[in-house]
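Residue numbers (the working numbering): 9 to 441.
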């Protein structure tokens with residue numbers, strides 16, 4: 009990605025450049041790192057302007073009031089650069105260029121100097137807090153397949169994806185375990201022998217095959233569009249692109265844009281952690297393994313097909329719950345709460361990971377996009393429907409908690425009640441910068 013040569017929207021500039029460096033990461037990692045980036049910029053501006061309550065959680069305290077008169081833009085740029093230089097040192101020159109371009113448009117002086125120093129402090133404090141959150145060890149956590157009917161079996165030579173991610177520390181939810189779920193019936197065997205499983209099985213067998221005769225061309229496009237495979241920004245990155253587009257279209261100012269992006273990525277990060285914890289706890293098999301063993305699953309309503317293969321290559325992690333559905337519902341819930349659900353937008357997708365847009369789709373609401381992203385797993389042959397709906401429930405629950413307990417508007421002081429022309433006037437809206 010070309011680094012912007014002039015300072016435009018600070019938040020979009022940094023998020024876009026960050027995404028371009030994250031194509032080798034998995035979806036939970038993208039959300040995790042963008043959450044740190046956006047929280048750094050959010051606390052940089054809110055500690056100086058106080059439109060919204062600064063972020064804090066557990067062992068991380070909000071930074072308090074920044075230096076009087078410090079330039080908030082310099083603070084945001086400095087905080088962002090501090091975070092990204094630490095997380096992606098191999099891309100240092102790109103971040104340095106964006107940093108210098110941004111600061112060059114700010115007049116030299118104490119305000120700029122103080123803002124830069126304050127941003128460094130905020131970025132370093134966030135990084136120090138997250139340094140022990142378990143994310144760096146998540147990919148090396150040992151995993152041993154169970155090897156029994158119904159349990160996940162690797163379908164490729166790829167290593168299991170982030171088997172330890174379910175233990176990564178949360179950004180906002182009280183604990184991950186309270187957002188996890190179990191297979192219907194409470195056990196793997198109960199679900200495997202149920203009519204619900206048979207319906208899920210037969211649906212994906214018909215719609216998700218690589219040579220399906222019942223899947224429409226549009227459903228095929230949906231599967232490819234949302235697959236977000238290797239060398240792409242992943243599904244978390246796609247929702248960031250959506251958010252940046254609609255924030256710009258809505259004309260959000262800097263404070264409101266960074267608040268939206270921080271909320272979005274915190275919600276997706278915590279939802280991802282809950283989904284990954286559930287996946288490696290439940291360890292349910294993927295459709296391609298299930299359909300190849302349909303004659304020995306204990307369910308008389310499933311038919312074996314040893315030649316069946318999915319349209320999209322199965323991700324290298326257990327099936328339940330759908331990570332893509334969880335992430336997408338968390339994102340859509342945040343965006344709809346901030347901007348209303350019925351917002352039209354377009355999004356391009358890099359299907360083959362070559363850095364170019366292969367397919368563009370148009371949407372009339374966030375819920376439409378989230379529903380489509382969830383169903384893409386069924387159409388692609390990688391997910392059962394129950395996994396999609398249960399993942400959506402996790403995503404919505406996490407997002408609602410995040411929004412209900414963070415990033416609130418700073419209340420007006422009691423002195424904001426004015427008596428004017430003999431009547432009382434309550435100043436109920438804050439002045440936005």
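Every residue, glycine too, gets a C-beta built ideally from N, C-alpha and C.
Opening and closing residue of the alpha helix (DSSP H) in which residue i lies
i, result
"residue 394", "393 to 413"
"residue 56", "35 to 57"
"residue 278", "262 to 290"
"residue 165", "Looking at the DSSP string, residue 165 is not in any alpha helix (DSSP H), and its letter there is neither H nor E."
"residue 127", "118 to 138"
"residue 380", "374 to 387"
"residue 330", "No alpha helix (DSSP H) contains residue 330, which DSSP labels as neither H nor E."
"residue 22", "18 to 28"
"residue 252", "242 to 258"
"residue 234", "225 to 235"
"residue 111", "100 to 112"
"residue 95", "80 to 95"
Exposed unless 16 or more other CB atoms sit within 10 angstroms - verdict on residue i
i, result
"residue 421", "exposed"
"residue 367", "exposed"
"residue 32", "exposed"
"residue 418", "exposed"
"residue 405", "buried"
"residue 219", "exposed"
"residue 19", "buried"
"residue 2", "The structure shown does not extend to residue 2, since the chain is modelled only from 9 to 441, so the question has no answer here."
"residue 143", "buried"
"residue 314", "exposed"
"residue 55", "buried"
"residue 436", "Only weak support is given to the placement of residue 436: the predicted model assigns it a pLDDT of 36, under 50, and the question is left unresolved by the model."
"residue 83", "buried"
"residue 122", "buried"
"residue 365", "exposed"
"residue 423", "A caution first: residue 423 carries a pLDDT of 49, below 50, which makes its placement in the model too unreliable to give a value."
"residue 398", "buried"
"residue 76", "exposed"
"residue 414", "buried"
"residue 357", "buried"
"residue 203", "exposed"
"residue 74", "buried"
"residue 225", "exposed"
"residue 145", "exposed"
"residue 362", "exposed"
"residue 140", "exposed"
"residue 235", "buried"
Cβ neighbours of residue i in the same chain (closer than 7 Å, five flanking residues each side left out)
i, result
"residue 345", "411"
"residue 27", "241, 245, 248"
"residue 260", "268"
"residue 385", "330, 332, 333, 391, 396"
"residue 222", "214, 215"
"residue 137", "67, 68"
"residue 402", "187, 189, 279, 282, 283, 329, 334"
The beta strand (DSSP E) enclosing residue i, as first and last residue numbers
i, result
"residue 369", "367 to 371"
Beta-ladder partner(s) of residue i, from DSSP
i, result
"residue 318", "217"
"residue 196", "In DSSP, residue 196 forms no bridge with anything."
"residue 357", "367"
"residue 417", "60"
"residue 159", "292"
"residue 65", "68"
Residues near residue i in its chain [Cβ-Cβ closer than 6 Å; skip 5 each side]
i, result
"residue 17", "none"
"residue 321", "none"
"residue 29", "96, 99"
"residue 257", "none"
"residue 231", "319, 320, 384, 387, 388"
"residue 274", "43, 179, 180, 410"
Own chain partners of residue i with C-beta closer than 8 Å, once the 5 adjacent residues on each side are dropped
i, result
"residue 133", "68, 71"
"residue 306", "157, 197, 200, 201"
Segment contact flag, the stretch 32 to 46 with the stretch 150 to 164, C-beta cutoff 8 Å, min 3 pairs
no
Assess, as a yes-or-no matter, whether the stretch 23 to 31 is touched by the stretch 88 to 106 under the definition of 3 or more beta carbon pairs within less than 8 Å.
yes
Using a Cβ distance threshold of 8 Å, determine whether the stretch 369 to 379 contacts the stretch 278 to 294, with at least three qualifying pairs required.
no
Per the contact definition of three or more C-beta pairs closer than 8 Å, is the stretch 157 to 171 in contact with the stretch 206 to 214?
no
Quick one: any contact between the stretch 350 to 364 and the stretch 301 to 308, if contact means 3 or more CB pairs under 8 Å?
no
Is there contact between the stretch 46 to 54 and the stretch 109 to 120, where contact requires at least three CB pairs shorter than 8 Å?
no
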